[in-house]
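The structure appears right after this line, and notes come after that.
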Amino acid sequence: PATGSARVIVAVSGTIQDGFELRKNIDYRGEGEPTVEAVFIGYGVARGAKMYFDIKDEGCREFDPQVPQRVNPAMVLTGDKFDANQYALYLVDERAC
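Under this note's numbering, think of the first position of the sequence shown as 9, with each following residue one higher.
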């Protein structure tokens, strides 16, 4: 990262992980500055969280017939020790957050 810029650990799942179109959203891009790419450091598990699918039905304001993925993951904090979700962990330039 640039001088004076710190990195933070960011936990993501789904479309922000490597290989997906939104992955670029956790890279830092400043006008006139070099891009600072997020660095994958591994996986982590968060207990007390459960993923549900938020299905975007026709008539929903987010429904788009041009986009085949009409489902968004929704994380719910349940507090139940038997619920867990795996996250991809990245070191991210704090200016990207």
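Even for Gly, the Cβ is constructed at its ideal location relative to N, Cα and C. The model shown is predicted, which means the values in this text are computed figures rather than measured ones.
Per DSSP, Pro73 is not a residue of any beta strand (DSSP E), being assigned neither H nor E.
Relative to Gly22, the option among Lys89, Gly56, Leu97 whose CA is nearest is Leu97. Runs of the beta strand (DSSP E) spanning 3 or more residues and lying entirely within the stretch 19-61 occur at 47-55, in chain order.
When only Cα atoms are considered, Ala19 and Gly38 end up about 22 Å apart. If you draw a straight line from the Cα of Val53 to the Cα of Cys68, it comes to about 32 Å.
Relative to the Cα of Asp35, the nearest Cα in the group Ile17, Gly56, Asp62 belongs to Ile17.
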